[in-house]
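Chemist: Residue numbers (the working numbering), protein chains in the order written: chain A, 20 to 415; chain F, 686 to 1051.
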Amino acid sequence: MTTDEATLTSARARPALWRDAKIRGIAYQVVFVAAVAGFIALIVHNAIANIGRQNIATGFGFLHREAAFGIGESLIEYSPADTYARALLVGLTNTLHVAALGIVLATILGTLMGLARLSSNWLVAKLARVYVEIFRNIPLALQLFFWWGLLDKMAPGPRQAWQILPDVFVSNRGIIYPVPLSNPAYKWVVAALGIGVVAAIGLHRWAKRCQAATGRQFPTGWVALALIIGLPAAVFLGFGAPARLDVPVLKGFNFSGGDAVSPEFAALLIGLVVYTGTFICEIVRAGILAVNWGQSEAAMALGLRSSQRMRLVVLPQALRVIVPPLTSQYLGLTKASSLAVIIGFPDLVSVANTTMNQTGQAIEGITVIMAVYLSLSLAISLAMNVYNRAVALVER
Amino acid sequence: MTDLTQGIPIAAQAPRPRWTGALAWLRANLFNGVTSTILTLLCAALIAAALPPVIRWALIDAIWSAPNGQACHGAGACWAFIGEKFRFILFGFFPAGETWRPIAAVVIFLAMIVAACDRRMWGRRLALVWVIGLFAVFALMRGGAFGLSTVETALWSGLPLTLVLAVVGMLVGFPFGVLLALGRRSRLPAVRAICVGYIELVRGVPVITMLFMASLMLPLFLPTGITIDKLVRAQVAFILFAGASLAEVVRGGLQAIPRGQIEAADALGLTYVQRTRLIVLPQALAMVIPALVNTFIGIFKDTALVIIISLFDLLTTAETALSDANWQGFYVEAYVFVGVIYWSFCFFMSRYSQLLEREFNRGRRR
């Protein structure tokens, strides 16, 4: 009874306030938050004073005013009479365009180079290594200037254009290439392709269930290939194979026909792909090396062919290592597409920069840029996290 | 019936290799099967097609001296352009009579970097070397003392500017990044939230945005009447950016510290500061040194972006040299020259980080 009372009283005798970890923690946080808030308040106060003094307008009202500047290339309808909001939207679509294409191409290039670096062929491995060491160690900005200089300033006029492939020309007007003439058949070919893909996915599911139930394998790969390629091809031939191309022809001082990408777009895309490809190459290589060699040996012992070994044993395990750093490369490429501003490709940053120069509203312009890139980063992270969950190790 | 089991065993022998020496190597590494042979031939064809024109352009047909640009346009490279613009690309607008000062500054930078790479120097001695070195660089570039004429920071350009931006950005950004990383791992929710918010915000936007912010918004944030040097503004942007990048690297190290280390420190009665300074950080930072070097390479390459706020770093001076009316059209030459400089720095540092990684993993490898 007495001992119990003694413990109770000693528990009640609280230590001094400044010795209580909880209270100290709260005090630290209050001080920290107050300091940060005070700093922000000071900045805002100064900004308001400076903006008032320099007669700079505030708020996002400028978005509805006429932009009055032209934009070199655009995926959507735009004229200088449109609003700043529309101009920024054009910039955003251009950013998305180059980033999406860049991510796909950089992944392909990086994966190929990563496999090449691991090749047992000495020459192939060395060439891939040379590619990585050269392009990884030079600033992207410099590489962009290089490609732009090559494609825009050094490239000849249309009359002396370099022909790099049959009917593909490089001149200072951009890269000009042939496109198929539009034909109603193409709609049906695309539809057939869609049906083929859906059918192939269904087939794959069915084959898997079938194998799980009976152990019998079905040649899914070949049948799926036949569905995806054969179906559209059959439709294409059924329409009489209308393969007329719109071929670029030199007429006077410029090409007519075909389609063209501007030197700026081409330089930006090549630069982003070649630069990011080096990092993806190293990620793929590290991912494959991270899979224990014993796994490959076990697969060989089971009698799997080398393609099966790669597809069924090595790759699923390598992807777990590859996907998280790959995500940050995708984010990096998207952010790096903002370097478009230095070679004059009208991406979001470039358009926002022009907007800021015209309106003087730097804070609003930078807010727009930051908001867009943060949402893009978030979207890519989310998508890649969903994918990562699909490939991640399922633990019990 | 009995022959098979009673025979005297023949000593096991490896089959005699069909190929030996260089031929064996060629067969194993270049012509190992049909696919490999085709790949080898394709690569060889690629090299044979690409290498001779490049060598002809760069060496055989190159023009090494010319009075002006018109006389320099030929089939090959015009290295006379680099000879003419060499000083400008490297040191920019620094007063011509004082060129020895940026040269000395670059040499000091290189010496400091070499000293930092020697692991025997790591510790107080290195810190002392760096403090003296940075002071010497500043004194040389800025002048105004020791009988040197004052040179405004607006005239700092070329390689010294690139090095200043990268090195100072890293040096000041590092402690900032460590604090941010500690804040992110803090038990105090308000501190953690603010640090996470800052790190994610800065890492989520392009570096260009930070530069725009520093060049356009920073002047607005300062009290009326105070103006701030353009170089300092860019430097602030790089410090803020480097801090966020380094914080994530340091966080990786902090997360790798076993909990037992922290509990042991607590059991010894160490305070938070003692625990962090004596137990946590030494182990966490040692683990991430290779990653820190890689981050530094990234920051070094990112300094090339200051061209958008028209600071004259190495890339911008090359661009400026290209706009000379007397020497027009030598893009490839200029970019190759500048590219080789950037490449040498980055390649050296990346090899160094790989070396460190191997050394640090020596104990963990089987």
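Beta carbons: idealized from backbone N, C-alpha and C, even for Gly.
Our contact map puts Val836 (chain F) next to Met826 (chain F) with C-beta atoms below 8 Å; I'd like the distance itself, whole angstroms only.
Modeler: Here residue 836 (chain F) is taken as the residue at index 151 of the second sequence, counted from 1. Here residue 826 (chain F) is taken as the residue at index 141 of the second sequence, counted from 1. Val836 (chain F) to Met826 (chain F), Cβ: 7 Å. Contact.
Chemist: What whole-angstrom Cβ distance do Asn714 (chain F) and Trp141 (chain A) have, given they're in contact under 8 Å?
Modeler: Working through the second sequence from its first residue, we reach residue 714 (chain F) at position 29. Working through the first sequence from its first residue, we reach residue 141 (chain A) at position 122. That pair is a contact at about 4 Å.
Chemist: Is it the case that the Cβ atoms of Ile1053 (chain F) and Ala821 (chain F) are separated by a distance below 8 Å?
Modeler: This structure cannot speak to residue 1053 (chain F), because chain F is shown only from 686 to 1051.
Chemist: Can you name, in chain order, every residue of its own chain whose Cβ lies under 6 Å from the Cβ of Gly761 (chain F), other than the five neighbours on each side?
Modeler: As a first step, residue 761 (chain F) is located in the second sequence; it is residue number 76 there, counting from the start. So the qualifying residues of the chain are Trp742, Asp746, Ala747.
Chemist: Look at the alpha carbon of Val342 (chain A) and the alpha carbon of Gln348 (chain A), and state the distance between them as a whole number of angstroms.
Modeler: Looking up residue 342 (chain A) in the first sequence gives position 323. Looking up residue 348 (chain A) in the first sequence gives position 329. If I take the Cα positions, the gap works out to 10 Å.
Chemist: Count the other C-beta atoms from every protein chain shown that fall within 10 angstroms of the C-beta of Gly306 (chain A), then say buried if there are 16 or more, exposed otherwise.
Modeler: Sequence index remark: in the first sequence, residue 306 (chain A) carries index 287 (1-based). Buried, since its Cβ has 16 or more Cβ neighbours within 10 Å.
Chemist: Run through the DSSP bridge pairs and tell me what Ile247 (chain A) is partnered with.
Modeler: In the first sequence, the residue the question calls residue 247 (chain A) occupies position 228. BP columns for Ile247 (chain A) are empty, so no partner.
Chemist: Between the C-alpha atoms of Ile732 (chain F) and Gly1024 (chain F), what's the straight-line distance to the nearest angstrom?
Modeler: In the second sequence, residue 732 (chain F) corresponds to position 47, counting from 1. In the second sequence, residue 1024 (chain F) corresponds to position 339, counting from 1. Looking at the two C-alpha atoms, the distance is approximately 22 Å.
Chemist: Which ranges would you report for the alpha helix (DSSP H) in the region 817-876 of chain F if only whole runs of at least 4 residues count?
Modeler: 844-869
Chemist: Give the C-beta separation of Ser281 (chain A) and Thr114 (chain A) to the nearest angstrom, bearing in mind that I take them to be a contact with Cβ-Cβ under 8 Å.
Modeler: By one-based count along the first sequence, residue 281 (chain A) stands at place 262. By one-based count along the first sequence, residue 114 (chain A) stands at place 95. Wrong, their Cβ atoms sit about 15 Å apart, outside the cutoff.
Chemist: Looking only at its chain, what residues have a beta carbon closer than 8 Å to the beta carbon of Phe81 (chain A), apart from the 5 residues adjacent to it on each side?
Modeler: Within the first sequence, the letter at position 62 stands for residue 81 (chain A). Closer than 8 Å at Cβ, skipping near neighbours: Tyr103, Thr374, Thr378, Gln380, Glu383.
Chemist: Taking the continuous alpha helix (DSSP H) assigned at Phe985 (chain F), which residues delimit it?
Modeler: Position 300 of the second sequence, counting from 1, holds the residue named residue 985 (chain F). Here the alpha helix (DSSP H) through Phe985 (chain F) covers 974-987.
Chemist: Does any C-beta atom of chain A lie closer than 8 Å to the C-beta of Ala729 (chain F)?
Modeler: Against the second sequence, residue 729 (chain F) aligns to sequence position 44. For Ala729 (chain F), the answer is yes, since a Cβ of chain A falls inside 8 Å of its Cβ.
Chemist: Can you list the residues of chain A that Val852 (chain F) reaches, using a CB-CB cut of under 9 Å?
Modeler: Along the second sequence, read from residue 1 onward, the residue named residue 852 (chain F) stands at position 167. The contacting residues do not exist; Val852 (chain F) stays about 16 Å from chain A at best.
Chemist: Going along chain A in order, which residues have a C-beta closer than 8 Å to the C-beta of Cys763 (chain F)?
Modeler: Residue 763 (chain F) sits at position 78 when you count from the first residue of the second sequence. Per Cβ cutoff of 8 Å: no residues; Cys763 (chain F) is ~13 Å from chain A at best.
Chemist: Figure out for me which residue from F:Leu907, F:Ile911, F:Lys915, F:Arg809 has the closest Cα to the Cα of Leu850 (chain F).
Modeler: In the second sequence, counting from the first residue as 1, residue 850 (chain F) sits at position 165. Closest by alpha carbon: F:Lys915.
Chemist: Just tell me which of A:Leu120, A:Leu222, A:Ser93 has its CA closest to the CA of Leu111 (chain A).
Modeler: Here the question's residue 111 (chain A) lines up with position 92 in the first sequence. Out of A:Leu120, A:Leu222, A:Ser93, A:Ser93 has the C-alpha closest to the C-alpha of Leu111 (chain A).
Chemist: For Leu50 (chain A), which of helix, strand or coil comes out of DSSP?
Modeler: For the purposes of this step, residue 50 (chain A) is identified with residue 31 of the first sequence, where counting begins at 1. Reading the sequence as shown, one finds Val at residue 50 (chain A) and not Leu. Val50 (chain A): helix per DSSP, three-state reduction.
Chemist: Output the boundary residues of the alpha helix (DSSP H) element that contains Lys206 (chain A).
Modeler: Numbered from 1 along the first sequence, position 187 holds the residue referred to as residue 206 (chain A). Segment 203-233, the alpha helix (DSSP H) holding Lys206 (chain A).
Chemist: Among A:Trp37, A:Phe165, A:Leu338, whose alpha-carbon lies nearest the alpha-carbon of Ile409 (chain A)?
Modeler: Position 390 of the first sequence, counting from 1, holds the residue named residue 409 (chain A). Here the sequence assigns Ala to residue 409 (chain A), which means Ile is not the residue at that position. When each option's Cα is compared against that of Ala409 (chain A), the closest is A:Leu338.
Chemist: Could you tell me whether any Cβ in chain A is nearer than 8 Å to the Cβ of Trp815 (chain F)?
Modeler: Counting from one through the second sequence, the residue named residue 815 (chain F) turns up at place 130. Not an interface residue.
Chemist: Please list, in chain order, all residues of the same chain as Ile774 (chain F) whose beta carbon is under 8 Å from its beta carbon, the five residues on each side excluded.
Modeler: In the second sequence, residue 774 (chain F) corresponds to position 89, counting from 1. Listed in chain order, the non-local C-beta contacts of Ile774 (chain F) below 8 Å within the same chain comprise Ile767, Gly843, Leu999, Thr1002, Ala1003, Ala1006, Ala1019, Phe1022, Val1023, local neighbours out to five positions each way being set aside.
Chemist: Which residue from A:Thr346, A:Val268, A:Tyr47, A:Phe79 puts its Cα closest to that of Pro177 (chain A)?
Modeler: For the purposes of this step, residue 177 (chain A) is identified with residue 158 of the first sequence, where counting begins at 1. Closest by alpha carbon: A:Val268.
Chemist: Does DSSP classify Ala106 (chain A) as helix, strand or coil?
Modeler: The sequence position of residue 106 (chain A) within the first sequence is 87, counting from 1. In the structure shown, Ala106 (chain A) sits in a helix (DSSP, three-state: H, G or I).
Chemist: Between the region 301-319 of chain A and the region 328-336 of chain A, are three or more C-beta pairs nearer than 8 Å?
Modeler: Touching, yes, given that three or more Cβ pairs across the two stretches are closer than 8 Å.
Chemist: Quick check on Val189 (chain A): does DSSP put it in helix, strand or coil?
Modeler: Translated into the one-based positions of the first sequence, residue 189 (chain A) becomes position 170. Val189 (chain A): strand per DSSP, three-state reduction.
Chemist: Helix, strand or coil for Arg1051 (chain F) per DSSP?
Modeler: Translated into the one-based positions of the second sequence, residue 1051 (chain F) becomes position 366. Residue placement at Arg1051 (chain F) is flagged as unreliable, the pLDDT there being 47, under the threshold of 50; the coordinate-derived value follows with that caveat. Residue state, collapsed to three classes: coil.
Chemist: Can you name the start and end residues of the alpha helix (DSSP H) that Lys172 (chain A) belongs to?
Modeler: Position 153 of the first sequence, counted from the start, is the residue given in the question as residue 172 (chain A). Element bounds for Lys172 (chain A): n/a, residue is neither H nor E.
Chemist: How about the region 233-253 of chain A and the region 158-170 of chain A: do they share at least three Cβ pairs that are nearer than 8 Å?
Modeler: No, the region 233-253 of chain A is not in contact with the region 158-170 of chain A.
Chemist: Can you name the start and end residues of the beta strand (DSSP E) that Leu740 (chain F) belongs to?
Modeler: Here residue 740 (chain F) refers to the residue found at position 55 of the second sequence. In the sequence as displayed, the identity of residue 740 (chain F) is Ile instead of Leu. Not the beta strand (DSSP E): Ile740 (chain F) falls in the alpha helix (DSSP H), residues 719-740.
Chemist: Find the residues of chain F that neighbour Ser357 (chain A), judging by a C-beta separation of less than 7 Å, and give them in chain order.
Modeler: By 1-based counting over the first sequence, the position of residue 357 (chain A) is 338. The answer, in chain order, is Pro891, Ile893.
Chemist: Whose C-alpha, out of F:Thr912, F:Pro737, F:Phe897, is nearest the C-alpha of Asp919 (chain F)?
Modeler: Start at 1 with the first residue of the second sequence, and residue 919 (chain F) comes out as number 234. Looking at the sequence provided, one finds Ala at residue 919 (chain F) rather than Asp. Ranking the options by Cα distance to Ala919 (chain F), first place goes to F:Phe897.
Chemist: Pull up the distance between the alpha-carbon of Ala180 (chain A) and that of Ala174 (chain A), whole angstroms please.
Modeler: Against the first sequence, residue 180 (chain A) aligns to sequence position 161. Against the first sequence, residue 174 (chain A) aligns to sequence position 155. Looking at the two C-alpha atoms, the distance is approximately 7 Å.
Chemist: With the cut-off set at 8 Å, would you say Cys300 (chain A) and Arg136 (chain A) are in Cβ contact?
Modeler: The residue you call residue 300 (chain A) lines up with position 281 of the first sequence. The residue you call residue 136 (chain A) lines up with position 117 of the first sequence. Yes; because the gap between Cβ atoms is below 8 Å, this pair is in contact.
Chemist: Alpha carbons only, please: which of A:Val266, A:Met403, A:Gly44, A:Leu291 is nearest the one belonging to Gly868 (chain F)?
Modeler: As a working mapping, residue 868 (chain F) is identified with position 183 in the second sequence. With distances taken between Cα atoms, Gly868 (chain F) lies closest to A:Gly44.
Chemist: Beta-carbon within less than 6 Å of Ser396 (chain A)'s beta-carbon, same chain only, minus the 5 sequence neighbours each way: which residues are those?
Modeler: In the first sequence, the residue the question calls residue 396 (chain A) occupies position 377. Same-chain partners within the cutoff: Leu350.
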